[in-house]
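Chemist:
2 protein chains.
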Amino acid sequence: MAPGPGFSDEKNETLCESESTVYVHNPHLDGMKDDILYHFNLGTSTHNLPAMFGDVKFVCVGGSPWRMKSFIEYIAGELSLEDPKAEYPNICAGTDRYAMYKIGPVLSVSHGMGIPSIAIMLHELIKLLYHARCTDVTIFRIGTSGGLGLEPGTVVVTKQSVDATFLPRLEQVILGNTVVRSTDLDQGLAEELLQCSKDLGQFETVIGNTMCTMDFYEGQARLDGAFCSYTEKDKQDYLTKAYESGVRNIEMESSVFAAMCKLSALKAAVVCVTLLDRQKGDQLISSHEVLHSYQQRPQILVGHLIKKMLQTSASVAVLDKKTVLQAPTT
Amino acid sequence: MAPGPGFSDEKNETLCESESTVYVHNPHLDGMKDDILYHFNLGTSTHNLPAMFGDVKFVCVGGSPWRMKSFIEYIAGELSLEDPKAEYPNICAGTDRYAMYKIGPVLSVSHGMGIPSIAIMLHELIKLLYHARCTDVTIFRIGTSGGLGLEPGTVVVTKQSVDATFLPRLEQVILGNTVVRSTDLDQGLAEELLQCSKDLGQFETVIGNTMCTMDFYEGQARLDGAFCSYTEKDKQDYLTKAYESGVRNIEMESSVFAAMCKLSALKAAVVCVTLLDRQKGDQLISSHEVLHSYQQRPQILVGHLIKKMLQTSASVAVLDKKTVLQAPTT
Chain A
3 MAPGPGFSDE KNETLCESES TVYVHNPHLD GMKDDILYHF NLGTSTHNLP
53 AMFGDVKFVC VGGSPWRMKS FIEYIAGELS LEDPKAEYPN ICAGTDRYAM
103 YKIGPVLSVS HGMGIPSIAI MLHELIKLLY HARCTDVTIF RIGTSGGLGL
153 EPGTVVVTKQ SVDATFLPRL EQVILGNTVV RSTDLDQGLA EELLQCSKDL
203 GQFETVIGNT MCTMDFYEGQ ARLDGAFCSY TEKDKQDYLT KAYESGVRNI
253 EMESSVFAAM CKLSALKAAV VCVTLLDRQK GDQLISSHEV LHSYQQRPQI
303 LVGHLIKKML QTSASVAVLD KKTVLQAPTT
Chain B
3 MAPGPGFSDE KNETLCESES TVYVHNPHLD GMKDDILYHF NLGTSTHNLP
53 AMFGDVKFVC VGGSPWRMKS FIEYIAGELS LEDPKAEYPN ICAGTDRYAM
103 YKIGPVLSVS HGMGIPSIAI MLHELIKLLY HARCTDVTIF RIGTSGGLGL
153 EPGTVVVTKQ SVDATFLPRL EQVILGNTVV RSTDLDQGLA EELLQCSKDL
203 GQFETVIGNT MCTMDFYEGQ ARLDGAFCSY TEKDKQDYLT KAYESGVRNI
253 EMESSVFAAM CKLSALKAAV VCVTLLDRQK GDQLISSHEV LHSYQQRPQI
303 LVGHLIKKML QTSASVAVLD KKTVLQAPTT
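Quick mapping for you: the protein sequence lines, in order, are chains A and B.
Just so you know, the first sequence maps onto residues 3 to 332 in the working numbering.
Just so you know, the second sequence maps onto residues 3 to 332 in the working numbering.
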């Protein structure tokens with residue numbers, strides 16, 4: 003059941019070479035009669051996952067359920083798939099842990115805040131894509147972040163996700179032992195997103211490192227938490243070191259997102275807007291309207307790339323069809 | 003503004019000796035004109051926090067927003083404070099990060115899943131209680147967990163919250179340096195909860211150590227995640243070691259809850275029901291109804307203790323009043 007490197011899989015052999023399966027790496031799944039994706043309120047014996055999700059080519063994840071619903075409405079419009087009467091039902095309506103929406107080839111899923119919360123969701127999402135036999139899936143995290151040396155509203159596409167000591171790694175504890183995982187992301191996809199921003203010309207986008215922390219207050223050197231044992235100078239020194247190491251924004255989910263997507267061969271990108279410049283402050287004092295407009299930027303950027311990729315694959319499909327049709331006559 | 007040990011505070015001097023303030027430990031808060039509790043959508047300049055929350059004596063927190071709404075409905079009935087027409091509005095309705103409900107002296111707040119998610123909430127909750135000038139606050143985490151060597155449905159009141167190597171500590175990274183914090187909880191409160199369970203006689207409750215992990219699948223030795231590189235025997239050996247060290251259940255928030263409540267002098271307890279015995283399986287195969295009834299047990303236990311504590315303090319108040327009234331005649 004786990005067609006990773008070194009595994010063979012019957013289904014894989016029937017696929018075109020260009021198709022890339024979503025990998026699980028767990029031999030135990032073979033022996034399971036059913037698989038309950040508990041935090042999605044979905045399961046292999048209760049839902050026809052290939053029928054529900056087999057056509058998914060793009061997954062977009064973000065912390066807030068409201069934002070992920072707003073994304074599905076936005077992308078439906080962009081892809082001309084919207085139905086004025088459509089309600090875009092929450093596929094995970096039976097639970098309040100995560101929210102999930104789908105339109106055509108695009109799935110939108112919320113993940114809450116922090117590494118553990120997104121990790122639970124990704125374990126179940128990767129199994130869902132695997133059970134649904136999805137191929138060639140691209141995944142984006144769209145989020146908010148604190149910026150370093152950037153105008154608020156700037157979008158950062160992550161080059162490398164680094165930890166609080168600026169190293170590109172994720173430490174995970176498995177059976178009490180620390181395992182270190184790579185947090186590499188797809189550089190080609192990051193470049194494509196940067197190009198989309200140039201095409202759009204609506205807002206500034208940069209490629210930079212993203213620091214992923216376990217805490218929003220003390221973990222990000224904020225001075226406005228319930229506890230703070232360091233000075234303003236300590237904070238500034240730390241953020242300066244982060245900037246000098248290449249960090250351009252700070253959030254709380256990118257490292258495990260990068261690590262798990264890499265393990266499962268999902269082409270992945272992290273696209274976060276900066277809501278403030280952390281070297282100038284800690285509190286989010288911009289108006290609700292301004293913050294809301296900033297939060298739409300990662301959606302616009304990712305929406306533009308999805309549209310572009312679908313148009314390209316449609317052209318390729320047309321071209322393939324023409325080649326096939328022309329073949330007998332040449 | 004931070005009346006911790008070694009600090010003096012004018013407000014404190016006017017309090018009775020028996021009253022205990024909720025502490026922040028952050029000298030920087032003094033210099034802030036406003037404090038925006040961003041993830042609650044509340045703030046000191048936009049809301050009258052003392053008027054809204056000054057009477058809070060009990061805070062109950064849990065992962066799921068639905069469960070925290072259900073708790074406020076339940077406790078309203080228990081304390082005979084329910085209004086059949088009441089809607090119990092979500093105080094944080096302007097955001098979807100957390101949900102918050104209040105009835106009389108009881109506040110109910112959701113915290114999502116995992117240490118980072120509950121830590122953000124607790125930073126803002128502790129500041130909220132501080133700004134509202136609350137005193138003598140007791141806080142409970144009610145949650146779900148995997149059990150070890152216990153019948154599913156057993157409630158575990160946490161003695162010590164331990165990490166994945168069974169040590170009672172929380173490692174936090176602050177300015178890139180690892181800081182170790184104690185995860186001690188109030189033993190008297192744990193004993194009182196155990197006594198409540200005996201009074202009720204409705205379900206089994208034990209006091210035991212709770213292992214707090216960063217991941218639900220690999221971090222808890224599950225065999226059913228998207229990735230698994232260990233055997234069934236490795237899993238059983240690890241869980242046996244956990245059991246032998248005193249661990250009776252596994253969840254994902256107790257360590258930072260214990261550490262932050264200790265730092266802020268909040269009397270705290272963790273009360274989680276076990277949904278399955280992890281030595282017998284990984285998947286949650288019980289019916290929705292059974293799982294739902296299990297999840298009500300921590301609510302019932304904590305609700306019973308809150309009622310008992312309020313009755314005791316009411317008796318003390320009556321007694322005090324009598325003493326005062328009788329004083330001139332003796």
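C-beta: ideal position from N, C-alpha, C; glycine also.
Thinking M70/B and S112/B are a contact (beta carbons under 8 Å), I'd like their distance in whole angstroms, please.
Modeler: For the purposes of this step, residue 70/B is taken as residue 68 along the second sequence, with counting starting at 1. For the purposes of this step, residue 112/B is taken as residue 110 along the second sequence, with counting starting at 1. Correct: roughly 5 Å between the Cβ atoms.
Chemist: At a CB-CB cut-off below 8 Å, which residues of chain A make contact with S163/B?
Modeler: Here residue 163/B refers to the residue found at position 161 when the second sequence is read from its first residue. None at all; the shortest Cβ gap to chain A is about 15 Å.
Chemist: A166/B: buried (16+ other C-beta within 10 angstroms of its C-beta) or exposed?
Modeler: Your numbering for residue 166/B matches position 164 in the second sequence. Answer is buried; the Cβ neighbour count reaches 16.
Chemist: If you pair each beta-carbon of the segment 230-242 of chain A with each one of the segment 126-137 of chain B, do three or more pairs fall below 8 Å?
Modeler: Judged by Cβ distances under 8 Å, the segment 230-242 of chain A makes no contact with the segment 126-137 of chain B, as fewer than three pairs qualify.
Chemist: Can you list, in chain order, the residues of its chain whose CB lies under 8 Å from that of H125/B, leaving out five sequence neighbours each side?
Modeler: Counting from one through the second sequence, the residue named residue 125/B turns up at place 123. M262.
Chemist: Any heavy atom of the ligand SAM inside 6 Å of the beta-carbon of Q162/B?
Modeler: Among the ligands in the structure shown, none appear at all, so the ligand SAM cannot be discussed.
Chemist: Tell me, please, whether the CB atom of S317/A is closer than 7 Å to any CB atom in chain B?
Modeler: One-based indexing of the first sequence puts residue 317/A at position 315. It does not: the Cβ of S317/A has no partner Cβ on chain B nearer than 7 Å.
Chemist: What would DSSP say about F218/A, mapped onto helix, strand or coil?
Modeler: Locating residue 218/A in the first sequence gives position 216, counting from the first residue. If DSSP states are grouped into helix, strand and coil, F218/A belongs with coil.
Chemist: Classify P52/A: buried if its beta carbon has 16 or more other beta carbons within 10 angstroms, exposed otherwise.
Modeler: Reading the first sequence from its first residue, position 50 is the one you call residue 52/A. So P52/A ends up on the exposed side.
Chemist: Mapping DSSP to helix, strand and coil, what is V158/B?
Modeler: In the second sequence, counting from the first residue as 1, residue 158/B sits at position 156. Note: V158/B maps to strand in three-state DSSP.
Chemist: Taking the CB atoms as reference points, tell me whether P213/A and A244/A lie closer together than 7 Å.
Modeler: Against the first sequence, residue 213/A aligns to sequence position 211. Against the first sequence, residue 244/A aligns to sequence position 242. The sequence shown places Met at residue 213/A, rather than the Pro named in the question. It is a contact, given that the beta carbons lie within the stated cut-off.
Chemist: P52/B CB to nearest chain A CB: under 7 Å?
Modeler: Locating residue 52/B in the second sequence gives position 50, counting from the first residue. For P52/B, the answer is no, since every Cβ of chain A falls outside 7 Å of its Cβ.
Chemist: Interface residues of chain A around T1/B at Cβ under 7 Å?
Modeler: The structure shown does not extend to residue 1/B, since chain B is modelled only from 3 to 332, so the question has no answer here.
Chemist: Measure the CB-CB distance between D36/A and S22/A and report whether it falls below 7 Å.
Modeler: By one-based count along the first sequence, residue 36/A stands at place 34. By one-based count along the first sequence, residue 22/A stands at place 20. No, Cβ-Cβ distance for D36/A and S22/A is not below 7 Å.
Chemist: Just how far apart, CA to CA, sit I340/A and I74/A?
Modeler: Only positions 3 to 332 of chain A appear in the structure, and residue 340/A is not among them; the question remains open.
Chemist: Along chain A, which residues have their Cβ under 8 Å away from the Cβ of S66/B?
Modeler: Taking the second sequence and counting its residues from 1, one reaches residue 66/B at position 64. Residues of chain A passing the Cβ test: D98 and R99.
Chemist: If distances are taken between C-alpha atoms only, which option among Y103/B, C230/B and L127/B comes closest to H41/B?
Modeler: On the second sequence, residue 41/B is found 39 positions in, with the first residue counted as 1. Nearest of Y103/B, C230/B and L127/B to H41/B, Cα basis: L127/B.
Chemist: Return helix, strand or coil for R135/A, following the three-state DSSP convention.
Modeler: Sequence index remark: in the first sequence, residue 135/A carries index 133 (1-based). Three-state DSSP puts R135/A in coil, outside helix and strand.
Chemist: Considering only residues of the same chain and omitting the five flanking positions on each side of L268/B, which have a CB-CB separation below 7 Å?
Modeler: Residue 268/B sits at position 266 when you count from the first residue of the second sequence. Closer than 7 Å at the Cβ level, and outside the excluded window around L268/B, lie V24, V139 and I141.
Chemist: Give a yes or no on whether 7 Å exceeds the smallest Cβ distance from K71/B to chain A.
Modeler: Stepping through the second sequence from its first residue, residue 71/B is reached at position 69. Judged by the 7 Å Cβ criterion, K71/B is not in contact with chain A.
Chemist: Just curious, the beta strand (DSSP E) that A270/B is in, first and last residue?
Modeler: What you label residue 270/B is simply residue 268 of the second sequence in a count that begins at 1. Where A270/B is concerned, the enclosing beta strand (DSSP E) stretches over K269 to D279.
Chemist: Please confirm whether G64/A and I144/A have their CB atoms less than 7 Å apart.
Modeler: Within the first sequence, residue 64/A is the residue found at index 62, counting from 1. Within the first sequence, residue 144/A is the residue found at index 142, counting from 1. Yes, they are a contact pair.
Chemist: Can the beta-carbon of I209/A be found closer than 7 Å to that of V157/A?
Modeler: The residue labelled residue 209/A in the question sits at position 207 within the first sequence. The residue labelled residue 157/A in the question sits at position 155 within the first sequence. No.
Chemist: On the DSSP letters alone, give me the boundaries of the alpha helix (DSSP H) that F55/A sits inside.
Modeler: The residue labelled residue 55/A in the question sits at position 53 within the first sequence. Run containing F55/A: L51 to F55, per the alpha helix (DSSP H) assignment.
Chemist: Give me the residue from V275/A, R299/A, N92/A and H27/A with the minimum Cα distance to L202/A.
Modeler: Along the first sequence, one-based indexing puts residue 202/A at 200. Ranking V275/A, R299/A, N92/A and H27/A by Cα distance to L202/A puts R299/A first.
Chemist: Could you tell me the alpha carbon to alpha carbon distance between E15/A and S72/B, rounded to whole angstroms?
Modeler: Sequence index remark: in the first sequence, residue 15/A carries index 13 (1-based). Sequence index remark: in the second sequence, residue 72/B carries index 70 (1-based). Annotation note: pLDDT 36 at E15/A (below 50); position unreliable, coordinate value reported separately. For E15/A and S72/B, the distance between alpha carbons rounds to 51 Å.
Chemist: Strictly below 7 Å CB to CB, what residues from chain A border M254/B?
Modeler: Reading the second sequence from its first residue, position 252 is the one you call residue 254/B. The contacting residues are P118.
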